[in-house]
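Report on one structure; see the data block that follows.
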Amino acid sequence: MSKFFLFVSFLFSISVFSQQEIEIDFKKLNSKVSALINEHRKSLKLKELTKDKFLQMAAEDHSLYLQNLGFLSHEQKDIKKKNPSDRVQLYGGKNFSGFGENILFTTIKKEKYSDKELDKLAITIFNQWKNSPPHYKNIINKDFDAADLGFFIDTKRNRIYATQVFGIKGVEIPNQLSENAFGVEEKNKKCRPIDFGTKLHIGNSIEIEGDNVILYYHDKQKFELMFSNPKDGIAIDFVEKEQMSCNKPNTFDVSQIYDGVMSEPIYREELLKNNTAQNEYKLITKVGEVPRHLVGKEIVANVILIFDNCACEYVVPLKVNSKTIDLFPLEPIIELTNDASLSNKGIIYTEELLFEFDKNKVKSNNESHYKLYDKVHSTQIYSYSSVEGNEIFNKKLHNERAIAIEKFARDSLNIKVKPSLVIAEENWEKCYIQLAMENMEYLASKPKNEIRNYINLKNKEFETYLNQQRVSKLVVNYYGEINKDSLSNEDYLGSFYDLNLRTAIFDKNYKNANLSLSKLYTLDYSISIFDETVFNELKSNPKLVQNATAVICKNFKQDYFKTTQFLKIWLEKFDTLPKNAQLNLLILYCRINSELLEKWDVNISKLTNVSKPASIENKFITFKENKKLQSNFDYILLYYSNHINDYKNINRYFDRVFLSFKSNIKTKEDRINLALFVNYWSAYNYSINLLKAEMNKPTFSKEEALLLAQTFTLFFEGNDVKTNQQILNKVYQLNKKEWCEWQKENFNLLRNDQIKSDFCKKCNNL
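Residue numbers (my numbering): 758 to 1523.
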């Protein structure tokens, strides 16, 4: 879909009449006017305009129309001939990518025109157009490479009407997949406007993955409203880098629909049917396939938005650097314990064997190379049935599973010790969290039988969750002694503190447990914090909450589900805890949710629904004097609003986060990080204003110049040339190499003449 040029203007003049018959050789007049125009173009070092029969037929047609009309107009009433482009294409001129048209009438003598008289008439026509700025603009347009004329005499009014139609001869990109753009019509009145931001979102949400082109769209509901008609859809236009090379003008296909090779459109029903997004608010769907002849080539996937089978919008994606911003660093507060001591002997290792009875499958939840110990300290059994079915059958089932697990330990692992703990029950704890993940808290508050009846009716929809509920576990604790000489210092400390935590939890020695937790916090990693025995104590013992939360702050990526479970339990008991424990819980809440909410389509991100930000906002108010904590919570509110497409609150919290981080800018890195963050949220004007305010300062860095130029290019077409050039000059001055490299990667930029001119002069040899 190349740019469409339509230059419209008209002239008239008056001459003296004579009473003889009018006789003018149109062919000669055409040649003389054309020669005058080409001589003038040659004097300006512009290419000459070649003749074209399709342009001539369109020009003759319009001059006849003007003679019948009696006045000047570029439009005809016949819809098939409405504009110059329509007329050229009607007569068979399909290989033009742009058009222009000059028209005039002038009075003439009633006589047979000699060569000398024709010369004068040609000069009159040429000068009238030359002396009129709009007409002259067409005459000297460097993009036009063909033109032809048509005349018609109005004997009643003693006038001659002249029309000159200009054309930009297009190219036909080979290997098209369809001869008629798959029947898609050119842009017409059926089209509805799409705002710039939406087009940019769609274009920048396209990814080429292998041979497939995938759309990752942030708002499924908005997409459904935008593409509401069965004939609404998307096609991809594959444009090669070589089509915008520096040694020639950009070579885009003559089609008014596509520039490169157009893929077969995919329409609304199929786009929605093939949605693979796990988040109900999002859309991930295939929108095209890379043609075989383009596989392995440097291509870009531009987007054709189709409404009611019309190619209404052509979207050119341009990836701008962006990223999320880190939370303000807040450290949890550790409760120190002095009257406790640690030992190098105890539960040195815990192995957890998972039982999936429906699949007849047993697997270890730990890496097997750790099983180096023969002395079993203790075992526990956690046997579960899922909550569907009926309670009596489930009780029988999980009790039988507990017996089977104990038998497996005895017969297959040769473990003789009796379990120190056996839990056999329906897995309601996991069920309640799963319901919250699906935003079904209303159901979770109902009696168990009511929940069970609902799940029985929706059994297939809950199948994955029910399988997770059934997973049972054998915990085997091994006793041993840590030899400091056999480990590095860091490995020794980690193993030493983990051993003491496991042992203290088992022995219910909570002073030692708190001391072990405080020591584990000094390390980057703990392998014991989510051990079943340890974690079950941490989620139920208020004496351990403060230090346990601190350690989980560093380890939550090991187990998002258990971390969410821990938070849910203690946030519900928030008011019973000491203030430092409360603070640690809020710090952990922000950390895990910032991680989960950035992964907007990962199924695990549904864990963010378990403790919705709005439901715990009053808990953050308790710490309203802690500005950085409040800013971090605003960050979570922003991302959660985006998670559920709550646009009102997205705007509200975005401004709060932006102002908070802006007020804390102390270095250029802070400013760059904030600019990248607002780009991530497509608030490009924020980024431009933030960086542009620094542009003329001596401290303005090459990194800032690069990011400003990258972001500013999104708006080049709408900005004045002078401002654009100032930005380009600055980035070439401060960061030419990286800017040139970025342009080479984002070669869609070269569609802009100003950028391409600079790039080809300054970057092409790098």
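The C-beta atom is built at its ideal place from N, Cα and C for all residues, glycine as well.
Ala1068 sits in a strand when the DSSP states are folded into three classes. The straight-line gap separating the alpha-carbon atoms of Ile1104 and Tyr1404 is approximately 51 Å. Beta-bridge partners of Ala1181 (DSSP): Ser1140.
Lys784 counts as exposed, since fewer than 16 other C-beta atoms from the protein chains shown sit within 10 angstroms of its C-beta. Cβ-Cβ distances below 8 Å link Pro1335 to Gln1303 in the same chain, with the five nearest sequence neighbours on each side left out; the list follows chain order.
In the three-state scheme derived from DSSP, where H, G and I count as helix and E and B as strand, Gly1475 is classed as helix. With distances taken between CA atoms, Ile993 lies nearest to Ser962 out of Ser962, Ile1378, Phe980, Glu981.
The bridge partners DSSP lists for Asn787 come to none.
Annotation: the continuous beta strand (DSSP E) that includes Lys1102 extends over 1102–1113.
Comparing C-alpha distances from Tyr1489 to each of Ser854, Lys1518, Lys1296, Gly857 shows the shortest one belongs to Lys1518. Residue environment analysis places Lys1187 among the buried positions, since at least 16 neighbouring C-beta atoms fall within 10 angstroms of its C-beta. Counting other Cβ atoms within 10 Å of its Cβ, Thr920 reaches 16 or more and is therefore classed as buried. Counted as a single uninterrupted DSSP element, the alpha helix (DSSP H) harbouring Glu981 occupies residues 977–983. Residues of the same chain with a CB within less than 8 Å of the CB of Val1478, apart from the 5 flanking positions on each side, are Gln1511 in chain order. Annotated three-state conformation of Val1044 is strand, per DSSP.
Between the beta-carbon of Leu1471 and that of Glu1461 there is about 17 Å, and that puts the pair past the 8 Å contact cut. Cys1310 is classed as buried because its beta carbon has at least 16 other beta carbons within 10 Å across all chains shown. For the pair Phe1165 and Leu1231, the CB atoms are nearer than the 8 Å cut-off.
Secondary structure of Ile1172 (DSSP, three-state): coil. Distance between Asp1427 and Asp1412, taken at the CA atoms: about 17 Å.
Residue burial annotation: Tyr1199 is exposed, with fewer than 16 other C-beta atoms found within 10 angstroms of its C-beta.
With respect to the C-alpha of Val1228, the residue from Phe1112, Ile1484, Leu1075 having the closest C-alpha is Phe1112. Separation of Ile1429 and Trp1496 (C-alpha to C-alpha, rounded to the nearest whole angstrom) is 16 Å. Around the beta-carbon of Gln1482, fewer than 16 other beta-carbon atoms lie within 10 Å, marking it exposed. By the Cβ rule, the stretch 927–935 counts as touching the stretch 994–1013, because three or more pairs are nearer than 8 Å. Taking the Cα of Tyr848 as reference, the smallest distance to any Cα among Ile781, Tyr870, Leu812 is reached at Leu812. Annotation for Lys1487: Met1452, Ala1462 place their beta carbon closer than 7 Å to its own, counting only its chain and skipping 5 residues before and after. In this structure, the straight-line span from the alpha carbon of Leu1395 to that of Tyr1410 is close to 5 Å. Three or more beta-carbon pairs separated by less than 8 Å link the stretch 940–959 to the stretch 1064–1078, which places the two stretches in contact. In the DSSP assignment, the residues bridged to Ser1135 are Asn1234. 8 Å or more divides the Cβ of Asn1036 from the Cβ of Trp1499. With distances taken between CA atoms, Lys1454 lies nearest to Lys1425 out of Val970, Ser1002, Lys1425.
With fewer than 16 other beta carbons inside 10 angstroms of its own, Val1359 counts as exposed. Less than 8 Å separates the beta-carbon of Tyr1038 from that of Ile1401.
Rounded to the nearest whole angstrom, the CA to CA distance from His1050 to Asp782 is 52 Å. Where Ala1338 is concerned, the enclosing alpha helix (DSSP H) starts and stops at 1336–1355.
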